[in-house]
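These notes are about the structure you will find just below.
2 protein chains.
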Amino acid sequence: MDQLRETLKGHHLRTTTCREDVLSTFITKKNALSHGDLEGALGENYDRVTIYRTLKTFLEKGIIHKVLDDEGLRYALCSHNCSEEKHHHDHIHFKCSECGETNCLENLHIPAVQLPNGYQPENFNLLIQGVCPKCG
Amino acid sequence: MDQLRETLKGHHLRTTTCREDVLSTFITKKNALSHGDLEGALGENYDRVTIYRTLKTFLEKGIIHKVLDDEGLRYALCSHNCSEEKHHHDHIHFKCSECGETNCLENLHIPAVQLPNGYQPENFNLLIQGVCPKCG
DNA sequence: AATAATTGTGCAACTTTGTTGCAAGTGATA
DNA sequence: TATCACTTGCAACAAAGTTGCACAATTATT
Numbered sequence: 055m056d057q058l059r060e061t062l063k064g065h066h067l068r069t070t071t072c073r074e075d076v077l078s079t080f081i082t083k084k085n086a087l088s089h090g091d092l093e094g095a096l097g098e099n100y101d102r103v104t105i106y107r108t109l110k111t112f113l114e115k116g117i118i119h120k121v122l123d124d125e126g127l128r129y130a131l132c133s134h135n136c137s138e139e140k141h142h143h144d145h146i147h148f149k150c151s152e153c154g155e156t157n158c159l160e161n162l163h164i165p166a167v168q169l170p171n172g173y174q175p176e177n178f179n180l181l182i183q184g185v186c187p188k189c190g
Numbered sequence: 055m056d057q058l059r060e061t062l063k064g065h066h067l068r069t070t071t072c073r074e075d076v077l078s079t080f081i082t083k084k085n086a087l088s089h090g091d092l093e094g095a096l097g098e099n100y101d102r103v104t105i106y107r108t109l110k111t112f113l114e115k116g117i118i119h120k121v122l123d124d125e126g127l128r129y130a131l132c133s134h135n136c137s138e139e140k141h142h143h144d145h146i147h148f149k150c151s152e153c154g155e156t157n158c159l160e161n162l163h164i165p166a167v168q169l170p171n172g173y174q175p176e177n178f179n180l181l182i183q184g185v186c187p188k189c190g
């Protein structure tokens, strides 16, 4: 799994087994994950605290982004080249009320919104809840 | 403050001082509030647990709705006639990174999105973060 | 107006979620 | 392979949220 090392190095991070495992979990699961999800998947190998810190580091370095949810934060891989300096996301997130999975719809962009005078938008986050194709 | 009683009765709720105070806090503060905000405002008068339960009840009855946030849930008044049966919201929420306030932009509707086949949307939640007119 | 039935509240105890400081361990570099 | 900086685990803590139960308050009934 040299690709994991590449990704970590590309973001100026040391390669450790915890970081490799967290990253690889994101890659294989594909959907947005909460801290609890990762703890469930890797908790026997790593301390809770380490997972928290790994998520925080990945966020800062632009490897993952936050996904808003009505029952707790989740995180998902950044597909484009986000960096320490800035994240850029304008895709839609879809949460299925049946299976509970939240996924990035990378190809769907959030439509432009005309805000009233004085509002300076920087960041957009659209969550659509409903039933996904698998469960429909 | 008979309007408070009216609102509570209209949603089939007994009028208690806690409910009146929570409702009145939402009305006067206008912006979205977290449980912590309410605890800060009313915590000396009511138990933490009671405030949790009041929020839950208000949510169920359609008096308030959830506002997604990247650092914890907030709640805001439903402006239209939401009920036990269903909530309907399609307005935009704006969170200011300076003052930290989150507000409903009642007049701004979330633009329609063309989802791929198979997705059945039910619920939309758009949070825009940036700088608000007061802080700009 | 008094009482009964129903619903809400406070308290205590607990679970879950997230944070911080520090000592020991590990990875990258020369 | 020795060094230095960064990472991890542990322990302790803080914050956020939940549950059961006895008592209190509100509404409905007479």
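Here the protein sequences line up with chains A and B, keeping their order.
Quick note on this note's numbering: the first sequence kicks off at 55 and runs consecutively.
Quick note on this note's numbering: the second sequence kicks off at 55 and runs consecutively.
Note that the Cβ used here is the ideal one computed from N, Cα and C, for glycine as well.
With distances taken between CB atoms, is the gap from residue i to residue j smaller than 8 Å?
i	j	result
A/SER88	A/GLY126	yes
A/LYS149	A/LEU181	yes
B/SER133	B/GLU176	no
A/TYR106	A/ILE118	no
A/VAL185	A/GLU152	yes
B/VAL76	B/LEU92	yes
For residue i, go through chain B and note every residue whose CB falls closer than 7 Å to its CB, in chain order.
i	result
A/ILE146	VAL167
Using a Cβ cut-off of 8 Å, pull out every chain A residue sitting near residue i, in sequence order please.
i	result
B/GLY190	GLY172, TYR173, GLN174
B/LEU131	Here the premise fails: no neighbours, minimum Cβ distance about 17 Å.
Based on Cα-Cα distance, which residue from the options lies nearest to residue i?
i	options	result
A/ARG68	A/LEU96, A/GLN183, A/THR108	A/THR108
A/ILE146	A/HIS65, A/ASN179, A/PHE80, A/LYS63	A/ASN179
B/TYR100	B/THR71, B/LEU122, B/CYS158	B/THR71
B/GLN168	A/TYR173, A/GLY172, A/LEU162, A/ASN171	A/LEU162
B/PHE80	B/HIS66, B/LEU58, B/GLU98	B/LEU58
A/SER137	A/ASP123, A/THR111, A/GLN183	A/THR111
A/LEU131	A/SER78, A/ASP56, A/GLU60	A/SER78
B/PRO165	B/ASN157, B/CYS158, B/ASP144	B/ASP144
B/GLY172	A/TYR173, A/PRO187, A/GLU98	A/PRO187
B/LYS84	B/PRO170, B/GLY190, B/CYS189, B/THR156	B/THR156
B/CYS189	A/GLN174, A/HIS142, A/ASP124, A/CYS158	A/GLN174
B/THR104	B/GLU60, B/LYS140, B/GLU139, B/ARG73	B/ARG73
A/GLN183	A/ASP123, A/HIS142, A/LEU96	A/ASP123
A/GLY154	A/ARG102, A/GLU139, A/ALA86	A/ALA86
A/HIS65	A/HIS141, A/ALA95, A/PRO170	A/HIS141
Closer than 9 Å by beta-carbon distance: list the chain B residues that pair up with residue i, in chain order.
i	result
A/CYS186	GLY172, TYR173, GLN174
A/GLU181	The question names Glu, but residue 181 of chain A in the sequence shown is Leu. What A/LEU181 touches in chain B: LEU122, ASN177, PHE178, ASN179, LEU180, LEU181.
Per DSSP, residue i forms a beta bridge with which residues?
i	result
B/THR49	Outside the shown range of chain B, which is 55 to 190, sits residue 49 of chain B, and nothing can be said about it.
B/ASN177	A/GLN183
B/HIS163	B/HIS145
What residues of chain A sit near residue i, judged by a beta carbon separation below 7 Å?
i	result
B/PHE80	The premise fails here: B/PHE80 is roughly 18 Å from chain A at the closest Cβ pair, so nothing lies under 7 Å.
B/LYS120	ASP124
B/PHE112	Under the 7 Å cutoff, chain A gives no residues; its nearest Cβ is about 15 Å from B/PHE112.
Going along chain A, which residues have a C-beta under 9 Å from residue i?
i	result
B/LEU162	VAL167, GLN168, LEU169, PRO170
B/LEU127	ASP124, GLU125, GLY126
Only counting runs of 3 or more residues, tell me where the beta strand (DSSP E) segments fall wholly within the stretch 88-154 of chain A, in order along the chain.
Segments of the beta strand (DSSP E) lying fully in the stretch 88-154 of chain A: 118-121, 128-131, 145-150.
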